[in-house]
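**Student:** Using full-length UniProt numbering, read the sequence shown as starting at 1 and increasing by one per residue.
Beta carbons are placed, not taken as given, at the ideal position from N, Cα and C, and that holds for glycine.
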Amino acid sequence: MQRETLGWLAVVIAIAALCTYMILPNQGLFGRPIEVRLGLDIQGGVRVLMRADQPDVTPEQMSEVRRVIDRRVNALGVAEPIVQTAGSNRIIVELPGIQNPDAAIDLIRQTALLEFVDFSAVAGCTAPMPAPGTYILTNRQLELRQGAPETTPTPEAAATAEATAESTAEATAEVVSTPEATAEAAPTAEATAEVMSTPEATAEAAPTAEATPTAEPAAEPTPEPNPPGSKANPLLNPCTNLPFNTVMTGAGLRDAQARLGGQGGTQYVVGFELNTGSPEAQAFAAHTGANIGQPLAIVLDGEVLSAPIIQARLDDGGEITGNFTREEAIALAVQLRSGALPVSLSIESREQVGATLGAESVAQAVRAGALGILTIFIFLIVYYRIGGVAAALALILFGMINFALYKYIPVTLTLSAITGFLISIGSAIDGNILIFERVKEELRNGRKLNKAVELGFSRAWATIRDSNISTILIALILYFFGGQFGASAVRGFAITLIIGLVINLFTAVIVTRVFLNVILAIGGERLARTNLFGQ
Numbered sequence: 001m002q003r004e005t006l007g008w009l010a011v012v013i014a015i016a017a018l019c020t021y022m023i024l025p026n027q028g029l030f031g032r033p034i035e036v037r038l039g040l041d042i043q044g045g046v047r048v049l050m051r052a053d054q055p056d057v058t059p060e061q062m063s064e065v066r067r068v069i070d071r072r073v074n075a076l077g078v079a080e081p082i083v084q085t086a087g088s089n090r091i092i093v094e095l096p097g098i099q100n101p102d103a104a105i106d107l108i109r110q111t112a113l114l115e116f117v118d119f120s121a122v123a124g125c126t127a128p129m130p131a132p133g134t135y136i137l138t139n140r141q142l143e144l145r146q147g148a149p150e151t152t153p154t155p156e157a158a159a160t161a162e163a164t165a166e167s168t169a170e171a172t173a174e175v176v177s178t179p180e181a182t183a184e185a186a187p188t189a190e191a192t193a194e195v196m197s198t199p200e201a202t203a204e205a206a207p208t209a210e211a212t213p214t215a216e217p218a219a220e221p222t223p224e225p226n227p228p229g230s231k232a233n234p235l236l237n238p239c240t241n242l243p244f245n246t247v248m249t250g251a252g253l254r255d256a257q258a259r260l261g262g263q264g265g266t267q268y269v270v271g272f273e274l275n276t277g278s279p280e281a282q283a284f285a286a287h288t289g290a291n292i293g294q295p296l297a298i299v300l301d302g303e304v305l306s307a308p309i310i311q312a313r314l315d316d317g318g319e320i321t322g323n324f325t326r327e328e329a330i331a332l333a334v335q336l337r338s339g340a341l342p343v344s345l346s347i348e349s350r351e352q353v354g355a356t357l358g359a360e361s362v363a364q365a366v367r368a369g370a371l372g373i374l375t376i377f378i379f380l381i382v383y384y385r386i387g388g389v390a391a392a393l394a395l396i397l398f399g400m401i402n403f404a405l406y407k408y409i410p411v412t413l414t415l416s417a418i419t420g421f422l423i424s425i426g427s428a429i430d431g432n433i434l435i436f437e438r439v440k441e442e443l444r445n446g447r448k449l450n451k452a453v454e455l456g457f458s459r460a461w462a463t464i465r466d467s468n469i470s471t472i473l474i475a476l477i478l479y480f481f482g483g484q485f486g487a488s489a490v491r492g493f494a495i496t497l498i499i500g501l502v503i504n505l506f507t508a509v510i511v512t513r514v515f516l517n518v519i520l521a522i523g524g525e526r527l528a529r530t531n532l533f534g535q
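Quick look at the structure:
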């Protein structure tokens, strides 16, 4: 047996051993779980239909919504999610095998508009700034409501926003509370309380009150439906009676990660890095440098998270504090990395999706597939004899490598992904048949077996290479456009097809040839004389 054949045989055995180890459960070598991931159509999950709240949403905005949600879902590690638009203002999200669907949906649909808002003191104003947990109105929020694109805060932009706020102050007076309005409401409440607690009035209205010691208590006043500082009634700046000024939005961030920080390093915070080359980050650095000792509010979707004091100029990054739990900090970091949604979303429908294939159907499909492969093996062995044995061994290794890679990458197994794998099996079988037909032609032309095998592989290689590469290119196009349009099923089909075709270039040409060379070294020319190659 030639040294080259022995070397390749050692490589094949090593690959087979590694694949066997990866296919078996409970591996600890790779530092992470190596397991099969199943898609929505096999293991079930949740499907959500969401609608844009903005009535005149544009196709560009919906396309950005889809991209942002796709990034958020991928950051959650969901296997083979589907995110696609439906109509002009709806979007469908499918999450297979999700463990906590409520938290995942909240994470996906939250707008996640992060703002760093100026809370600096105004000369002559002693009114307190809104406390954490209250909602405020900013000039950036007004721009988004009016459909303005996100721009870099500049002095000119600030002046424009202030003018916009003045012109819209009358229109927003009904929904935006002010300190004066609150102060005017207070005397009324006090007068009401005084009337309810006046003894003389009670005695006149109910002379028998003394004989009734168990008098009914006075009814509590009905709470205001939208109190000042609520989401529906955000606060203006108490010193200027105008919307607060946004210094920077989340668009100026390069990265965000949840970590332990704050005082003592025992509280979860979200550390952020600035995109130092962006105009927003430069404006943020200039503001923090000019306002050391002043508060800077961190606002998410209008809600004040915290208002820390600026300690120094921030050129590179900082921390977002807000009494977060670990899960809340991770979710906020995911949202900031993914970007803010250009429009808010409402859930129109939600349904739990059962597996298209039940457990029994999956078992039946596996049995049918095994029977089909066994039938192919029998055909190859009966028709090509020793060549069929080598091809069967190569196809077994082909399946092992595929399955090991599916677990390691990992690849999510959906019906479309399985279809791609089955097509790649057909290509692998076709490659072996092509090789053996070339070998039989050489044998009929009077070549010796060793020479016929060598020439057969050489003649078949160009055809196998060209056909597989052309199919791989088509699959890459499918994969690319599947990602662009949110067609996860197309991407799943393409990735398994690509993997199978690449592996086929190895197993059909190298592995099959190694096995044949080993058989020829053992059997020699008598294989040809006894017609064990099926010629």
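#1: Going by C-alpha to C-alpha distance, which of 288, 453, 136, 281 sits closest to residue 230?
#2: Under 8 Å, with one C-beta from each stretch per pair, do the region 80-95 and the region 52-70 reach the 3-pair mark?
#3: Go through its chain and collect everything with a Cβ distance to residue 402's Cβ below 7 Å, but skip five positions before and after it.
#4: Around the C-beta of residue 226, are 16 or more other C-beta atoms found within 10 angstroms, so that it is buried, or is it exposed?
#5: Taking one C-beta from the region 110-125 and one from the region 283-294 each time, how about it: are there three or more such pairs within less than 8 Å?
#6: Near residue 319, what residues of its chain come up, given a Cβ to Cβ distance below 8 Å and the 5 sequence neighbours on each side ignored?
#7: List the DSSP bridge partners of residue 47.
#8: Say whether the region 381-391 touches the region 431-439, bearing in mind that this needs 3 or more beta-carbon pairs closer than 8 Å, one atom from each stretch.
#9: Under 8 Å between the Cβ atoms of residue 537 and residue 479?
#10: What number of angstroms, rounded off, separates the C-alpha of residue 395 from the C-alpha of residue 369?
#11: Any idea which residues DSSP pairs residue 115 with across the strands?
#12: Would you call residue 100 buried or exposed, if buried means 16 or more other Cβ atoms sit within 10 Å of its Cβ?
#13: Do you know how far the Cα of residue 355 is from the Cα of residue 300?
#14: Considering just the uninterrupted stretch of the beta strand (DSSP E) at residue 268, what are its terminal residues?
#15: Which of helix, strand or coil does DSSP assign to residue 366?
#16: Indicate whether the contact test is met: 3 or more Cβ pairs, each with one atom in the region 506-525 and one in the region 2-19, closer than 8 Å.
#17: Does the beta-carbon of residue 208 have 16 or more other beta-carbons within 10 angstroms, so that it is buried, or is it exposed?
#18: Going by beta-carbon coordinates alone, are residue 340 and residue 111 separated by less than 8 Å?
#19: Helix, strand or coil: which one does DSSP assign to residue 54?
#20: What is the rounded straight-line gap between the Cα of residue 122 and the Cα of residue 144?
#21: Which of the three DSSP states is assigned to residue 321 in this structure?
#22: First and last residue of the alpha helix (DSSP H) that includes residue 84?
#23: Hey, residue 345 and residue 249: beta-carbon distance below 8 Å or not?
#24: What is the DSSP secondary structure of residue 455, reduced to helix, strand or coil?
#25: Pick out whichever of 256, 374, 488 has its Cα sitting closest to the Cα of residue 329.
#26: For the region 417-491, which segments carrying the alpha helix (DSSP H) assignment without a break, of at least 4 residues, lie completely within its bounds, in sequence order?
#27: How should residue 342 be labelled, buried or exposed, when 16 other C-beta atoms within 10 angstroms of its C-beta is the threshold for buried?
#28: Determine the closest residue to residue 40 out of 66, 392, 83, 64, with distance taken between C-alpha atoms.
#29: Per DSSP, which residues does residue 338 bridge with? Please list them.
#30: Measure from the alpha carbon of residue 295 to the alpha carbon of each residue in 245, 265, 335, 281, then state which is nearest.
#31: Write down the C-beta distance between residue 38 and residue 97 rounded to the nearest angstrom, noting that I regard them as a contact closer than 8 Å.
#32: Checking 8 Å against the spacing of the C-beta atoms, do residue 475 and residue 497 come in under that value?
#33: Provide the residue(s) that pair with residue 257 in DSSP beta bridges, ordered along the chain.
#34: For residue 324, count neighbouring C-beta atoms within 10 Å of its own C-beta (all shown protein chains included) and say buried if the count is 16 or more, exposed if not.
#35: With DSSP collapsed to three states, give me the class of residue 230.
**Tutor:** Here's the rundown:
#1: 136
#2: Yes, they touch.
#3: 421, 499, 500, 503
#4: exposed
#5: yes
#6: 261, 262, 269, 270, 271, 272
#7: 94, 351
#8: yes
#9: In the structure as shown, the chain begins at 1 and stops at 535. Residue 537 is therefore absent and cannot be evaluated.
#10: 14 Å
#11: 249, 299
#12: exposed
#13: 37 Å
#14: 267-274
#15: helix
#16: yes
#17: Residue confidence is low: residue 208 scores 39 on pLDDT, short of 50, so the model does not pin down where it sits. Its coordinate-derived value is still stated next. With fewer than 16 other Cβ atoms within 10 Å, it is exposed.
#18: yes
#19: Residue state, collapsed to three classes: coil.
#20: 26 Å
#21: strand
#22: First-last for residue 84: 82-86, but that is the beta strand (DSSP E), not the alpha helix (DSSP H).
#23: No, the pair does not count as a contact, with Cβ atoms beyond the cut-off.
#24: Here residue 455 sits in helix by DSSP.
#25: 256
#26: Annotation: the region 417-491 contains the following complete segments of the alpha helix (DSSP H) (minimum length 4 residues), in chain order: 449-484.
#27: buried
#28: 83
#29: Looking at the DSSP output, residue 338 sits in no beta bridge, so it has no partner there.
#30: If we check each option's Cα against that of residue 295, 245 comes out closest.
#31: 7 Å
#32: yes
#33: 271
#34: buried
#35: Here residue 230 sits in strand by DSSP.
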